[in-house]
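Quick note, the sequences are listed as chains Y and X, same order.
First residue of the first sequence: 1, per the working numbering; consecutive thereafter.
First residue of the second sequence: 282, per the working numbering; consecutive thereafter.
Glycine included, C-beta positions come from ideal geometry on N, C-alpha and C.
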Amino acid sequence: MRTRFEPITGRYMHLDLFGRPHRIYVEEAGHGTPLLCLHTAGADGRQYRALMNDVRVASCHRVIAFDMPWHGKSSPPPGWQNEEYQLTSAQYTEMILAVMAGLGLHRPILIGCSIGGRIALHLALEHPQAFRAIIGLQAGAHVDPYYDLNFLHRADVHGGEVCGAIVSGLVGPDAPEAERWETLWHYMQGGPGVFKGDLYFYKVDGDIRSRVAEIDTSRCPLFLLSGEYDYSCTPEETLAVAASIRGCEVTIMKGLGHFPMSENPREFLTYLLPVLEKISR
Amino acid sequence: MIEALKERVNDDPVLVRRGRFLTTTFLLEVGATAWLIAIHEGRIVSVTPGPFVMPSSAFALRAPAEEWAKFWSQRPPPGSNDLMALIKRRVLRAEGDLQVFMAHLRYFKEALAKLRPQETSAASLAGALP
């Protein structure tokens, strides 16, 4: 029997967030410039495993992904059982900065997808000095709800089934089958109401349309990469954000969907590597 | 064309099994043309063309013919590749008791995608081209 191990290692970090103790799962691989990765709503840090396993990235970057509270192997805080989870812009920002401090990261490159791409815009605006560069994947300034979010969390609809089915069409048509279904499996594994709670940030609280033009890319370079087949954050929405920010670089990725790093890493890396190369200069 | 749904779904044992707890009737509208589609434990038992006087269904899916044509193309363009994409663009209206639709969303997505050109027919079509 032949076995092999990926170079990824995981640890649990204990820290206080929003005045309460939290246990956060953090994975990393590689050495060099820190590259902090933010997963999409309703998923977890496994979405970035291909980046961690790619020697072209990991040979010169310390690639780090953490599972947000309630997600993946990070627990919800004690008392969660009687609460409704709702992510806000303020909590999301505090969490990212606290995890960075806990890991001792100095001005990492930030890469975030979907809700991670949205908070990347918030951070580019409010904390540009904290980052070497910011890469927003599937980043738009706002998304209007286009279905009844209550279906994501009700006892007569299976949460795992519906979360996977809701997002299945967001995967691009050229994604390899194994990566497509691995991406959807992460959604199917989400806890009750977690995807819905993340979408509170994505569709309500995190609207940054009125301020996005104030982002100053001379303080922190901003790159936007969006998949052609994403109908949640459409290429048009990303292009509109890019057009309103001076110095922002934008690329629409052909054939890719809403989860580029996870659904089709090989294609995604053809877009990401030139961006990382540019940042390193 | 919509009538082909019955055979194509029922010939897919994985899809039928996925729907083994699904029994319902829904209305499908392609422009002004309507069909009532009855499902029993994952198998499509009837696809009945309209017009109807008083159609009874749990829910309805309604979109213009040109939108369904894009959805049912071999490689649908962005924005037309999924039922939720059509809903996002407000061209597909899902109305009625949507609990059954959402509880079995993967079934309905995969069942309706069966009306895309099948691989065999696409291959034979390509072979017929000069």
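Residue range L222 to G227 is occupied by the beta strand (DSSP E) that includes S226 (chain Y). Beta-bridge annotation (DSSP): F352 (chain X) is not paired with any residue.
Below the 9 Å Cβ cutoff, chain X contributes no neighbours of V204 (chain Y), its closest Cβ being approximately 17 Å away. In the structure shown, D216 (chain Y) adopts coil according to DSSP, grouped into three states.
Around the beta carbon of W185 (chain Y), fewer than 16 other beta carbons lie within 10 angstroms, which makes this residue exposed. Looking at the DSSP output, D16 (chain Y) shares a beta bridge with Y:P21. Between L225 (chain Y) and M253 (chain Y), the C-beta spacing is below 8 Å. At least one C-beta of chain X is nearer than 8 Å to the C-beta of F151 (chain Y).
Contacts between L386 (chain X) and chain Y, judged by CB atoms closer than 8 Å, involve E161, V162, A165 and I166 in chain order. Interface with chain X (8 Å Cβ-Cβ cutoff): Y12 (chain Y) is excluded.
Counted as a single uninterrupted DSSP element, the stretch harbouring I283 (chain X) is not any beta strand (DSSP E), since DSSP gives it neither H nor E.
Using a CB distance cut-off of 8 Å, Y147 (chain Y) counts as an interface residue toward chain X. By the Cβ-count criterion, N362 (chain X) is buried, with 16 or more other Cβ atoms from all chains shown falling within 10 Å of its own Cβ. In this structure, the alpha-carbon of P274 (chain Y) lies about 29 Å from that of Y187 (chain Y).
Taken through DSSP and simplified to helix, strand or coil, P108 (chain Y) comes out as coil. Here M68 (chain Y) carries a coil assignment [DSSP, helix/strand/coil]. Taking 8 Å as the cut-off, the beta carbon of S327 (chain X) is found no closer than this to the beta carbon of F307 (chain X). With a 10 Å radius around the Cβ and a threshold of 16 neighbouring Cβ atoms, S74 (chain Y) comes out buried. Those residues of the segment 168-182 of chain Y placed with their C-beta closer than 7 Å to a C-beta in chain X are S168, G169 and P173, ordered along the chain. In terms of Cβ geometry, L367 (chain X) and A344 (chain X) form a close pair [threshold 8 Å]. Around the beta carbon of A155 (chain Y), a 10 Å sphere encloses fewer than 16 other beta carbons of the protein chains shown; the residue is thus reported as exposed. For G136 (chain Y), the enclosing beta strand (DSSP E) starts and ends at A133 to L137. For W181 (chain Y), the enclosing alpha helix (DSSP H) starts and ends at E177 to M188. For C37 (chain Y), the enclosing beta strand (DSSP E) stretches over residues T33 to L38.
Buried is the label assigned to Q47 (chain Y), since at least 16 other Cβ atoms lie within 10 Å of its Cβ. Neighbours of G360 (chain X) across chain Y, judged by C-beta separation under 7 Å: Y231. In this chain, the beta strand (DSSP E) harbouring V326 (chain X) covers R324 to P330. F340 (chain X) carries a strand assignment under DSSP once its states are collapsed to helix, strand and coil.
Of the candidates Y:I135, Y:T183, Y:Y146 and Y:L152, Y:I135 places its Cα closest to the Cα of A242 (chain Y). At a Cβ-Cβ threshold of 8 Å, T305 (chain X) and I283 (chain X) do not count as neighbours. Check the Cα spacing between A130 (chain Y) and each of Y:L51, Y:V99 and Y:F151: the tightest is with Y:V99.
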